[in-house]
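Comments concern the structure below.
Here it is, written out as structure tokens:
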């Protein structure tokens, strides 16, 4: 998969996508809203079983107690955690459909460097031309199609 100004290219097709409101950067930092440039592995797939079926056999279901720690001072920084959780976090089981399907990249994972930025996901966008907080946003149908085709050796290249 390659993200360029033209969109996301995968399996010979182009898909419109959005990136972070801070643009694309080689100097990613927590809270900058930017998408990190580079080559990233896809290391996981999370999905809401109450809303969609598993897009692949290796997808992991998420529910109301699942969170993602975005507190750079906490030992669980940039890891999935469960509630109750005392530190800053993002709720994965959102009221909107944005995180119904998440492809996890290896950005700053599994050994997170403090303040280098927490998770970079591929997830459903808010709409064309509407930036993310640093992730890659895609149309729901396109994201689901991509999720069904990725494999262990799939890489996300952000130019």
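Numbering (my numbering), first residue to last: 222 to 380.
The beta carbon of each residue, even a glycine, is placed where N, CA and C say it ideally should be.
Computed from a prediction, not measured in an experiment: that's the story for all the values here.
Among the candidates the options, whose CA atom is the shortest distance from the CA of residue i?
i           : options       : result
residue 273 : 368, 375, 297 : 368
residue 377 : 327, 275, 337 : 327
residue 233 : 379, 370, 380 : 370
Starting from residue i, trace the beta strand (DSSP E) in both directions and tell me its first and last residue.
i           : result
residue 363 : Looking at the DSSP string, residue 363 is not in any beta strand (DSSP E); the run it does join, the alpha helix (DSSP H), is 361–368.
residue 287 : 287–290
Note down, in chain order, each residue of its chain lying with its Cβ closer than 6 Å to the Cβ of residue i, except the 5 sequence neighbours on either side.
i           : result
residue 309 : 291, 292
residue 320 : 313, 344
Note down the Cα distance separating residue i from residue j, rounded to an integer number of angstroms.
i           : j           : result
residue 223 : residue 230 : 5 Å
residue 373 : residue 237 : 23 Å
residue 276 : residue 322 : 8 Å
residue 246 : residue 259 : 9 Å
residue 347 : residue 315 : 13 Å
residue 364 : residue 295 : 31 Å
residue 248 : residue 278 : 35 Å
CB-CB under 7 Å to residue i, same chain, minus the five flanking residues each way: which ones, in chain order?
i           : result
residue 282 : 268, 270
With a cut-off of 8 Å, do at least 3 Cβ pairs link the segment 263–278 to the segment 247–255? Contact between the segment 263–278 and the segment 247–255 is absent, because fewer than three Cβ pairs lie under 8 Å.
Evaluate the contact criterion for the segment 343–357 versus the segment 234–248: three or more CB pairs, one atom per stretch, below 8 Å. When C-beta atoms of the segment 343–357 are compared with those of the segment 234–248, three or more pairs fall below 8 Å, so the two segments count as touching.
The segment 296–310 contacting the segment 332–351, beta-carbon criterion three pairs below 8 Å: Yes, the segment 296–310 is in contact with the segment 332–351.
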